[in-house]
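I have placed the structure first, in the form of structure tokens, so that the comments after it can refer back to it.
Number of protein chains: 2
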Amino acid sequence: MVSSAPPPPLFAEHGADAGGVCETLSEPLSRVMTLLGKRWTGVVWGTLMQGPVYFSDLRRGIPGINDRILNERLVELVDLGLATRTVIDERPIRVRYQLTEHGAAIRPALDELTRWAQEHLQQAVDR
Amino acid sequence: MVSSAPPPPLFAEHGADAGGVCETLSEPLSRVMTLLGKRWTGVVWGTLMQGPVYFSDLRRGIPGINDRILNERLVELVDLGLATRTVIDERPIRVRYQLTEHGAAIRPALDELTRWAQEHLQQAVDR
DNA sequence: AACTCCACTTACTTTTTCTTAGCGGCTAAC
DNA sequence: GTTAGCCGCTAAGAAAAAGTAAGTGGAGTT
Chain A
1 MVSSAPPPPL FAEHGADAGG VCETLSEPLS RVMTLLGKRW TGVVWGTLMQ
51 GPVYFSDLRR GIPGINDRIL NERLVELVDL GLATRTVIDE RPIRVRYQLT
101 EHGAAIRPAL DELTRWAQEH LQQAVDR
Chain B
128 MVSSAPPPPL FAEHGADAGG VCETLSEPLS RVMTLLGKRW TGVVWGTLMQ
178 GPVYFSDLRR GIPGINDRIL NERLVELVDL GLATRTVIDE RPIRVRYQLT
228 EHGAAIRPAL DELTRWAQEH LQQAVDR
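Quick note, the sequences are listed as chains A and B, same order.
Under the working numbering, the first residue of the first sequence carries the number 1, and numbering increases by one thereafter.
Under the working numbering, the first residue of the second sequence carries the number 128, and numbering increases by one thereafter.
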């Protein structure tokens with residue numbers, strides 16, 4: 001079933017301060033943007049969408065990232081409850097990262113972002 | 128009409144190197160993430176969705192941002208062809224920023240991000 | 001014995017962002 | 001008529017974030 005819930009407002013509904021010339025972004029959108037506004041967060045998140053992966057696989061699957069930042073971003077996602085971290089006690093030891101239900105639910109947004117990029121980003125840059 | 132185009136793949140289709148343990152994000156998604164991965168880009172972009180606005184209005188409508196970065200992000204959006212910059216020759220002088228068709232087309236993605244944040248981010252953080 | 005792998009961690013450099021101040025040219029308030 | 005403010009920036013320096021390189025330890029591989 002294709003959802004047809006009404007699109008949520010992008011901007012904050014304001015009360016007595018109405019009449020301002022520029023609306024402020026809604027709280028929720030503002031918070032996601034702050035999240036995605038950190039370098040690599042979106043790429044790591046998107047890469048985790050393919051299912052559970054090990055740290056070293058992520059490192060290889062994300063060209064340009066380095067250990068320190070990858071680890072930092074993973075800790076942040078885990079702290080937000082968007083991913084889980086599982087230590088696999090084999091030799092050599094491995095750590096598996098996996099999105100939670102909350103983290104995985106971002107997929108429709110990633111789909112839309114991908115669609116947009118395909119249709120509009122290339123043109124914008126190649127222009 | 129509600130589009131029902133098939134969702135684009137999140138990951139790169141790979142050729143001979145198949146069998147890798149971790150897929151790389153698709154080029155388009157990777158590029159948007161690099162864009163949004165700069166602090167404030169998403170917030171400025173989202174704020175521009177409400178229509179043409181002046182520089183000073185943007186500054187007031189985006190709590191926490193400062194002149195220098197706001198200007199930097201606007202220049203970037205203009206350079207990418209996602210927004211236009213128009214000098215209004217009144218006193219005091221004003222500059223109007225406005226999304227292009229390419230820039231405005233991001234809306235469905237912002238809607239999905241907002242929806243996700245409403246349903247999953249609050250819980251994740253308040254947990 | 002020397003080397004690799006794994007998931008980090010530490011120490012250091014470079015880049016990005018933030019803060020503060022100021023520009024010129026105009027208007028509005030006291 | 002001096003002071004203060006608004007406008008869209010910009011320069012300079014401080015702070016924060018990200019990038020780089022090397023190291024950890026224990027076990028496996030050559």
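Yeah, the Cβ is synthetic: ideal placement off N, Cα and C, and Gly gets one too.
Every value quoted in this text rests on a predicted model; they were computed, and no experiment measured them.
Within the stretch 105 to 116 of chain A, contact with chain B at the beta-carbon level (separation under 7 Å) is assigned to A105, I106, P108, A109, L110, D111, E112, L113, T114, R115 and W116.
Distance from the CA atom of Y97 (chain A) to the CA atom of R195 (chain B), rounded to whole angstroms, is 38 Å. One thing to note: A109 (chain A) has its Cβ within 8 Å of the Cβ of E239 (chain B). Counting only residues of its own chain and dropping the five nearest sequence neighbours on each side, E76 (chain A) has a CB closer than 8 Å to the CB of K38 and T41. Fewer than three Cβ pairs drawn from the stretch 43 to 51 of chain A and the stretch 170 to 184 of chain B lie within less than 8 Å of each other, which leaves the two stretches out of contact. Contact with chain B is found for D57 (chain A), since one of that chain's Cβ atoms lies less than 8 Å from the residue's Cβ.
If you look at R39 (chain A), you'll find it isn't in any alpha helix (DSSP H); DSSP assigns it neither H nor E. Following the DSSP letters along the chain, one finds T151 (chain B) in no alpha helix (DSSP H), marked with neither H nor E. The closest CA to that of I93 (chain A), considering only A:H102, A:F55, A:N71 and A:C22, is found on A:F55. For I69 (chain A), the three-state secondary structure derived from DSSP is helix.
At a C-beta separation below 9 Å, T86 (chain A) has no neighbours in chain B, since its nearest C-beta there lies roughly 16 Å away. Contacts with chain A (Cβ-Cβ distance below 8 Å) from the stretch 180 to 211 of chain B involve V180, Y181, D184, L185, R187, G188, I189, P190, L207, G208 and L209, listed in chain order. The residues L10, in chain order, have a CB closer than 7 Å to that of L29 (chain A) in the same chain once the five nearest residues on each side in sequence are set aside. For E23 (chain A), a Cβ of chain B is located within less than 8 Å of the residue's own Cβ.
Residue pairing by DSSP places F182 (chain B) in no beta bridge whatsoever.
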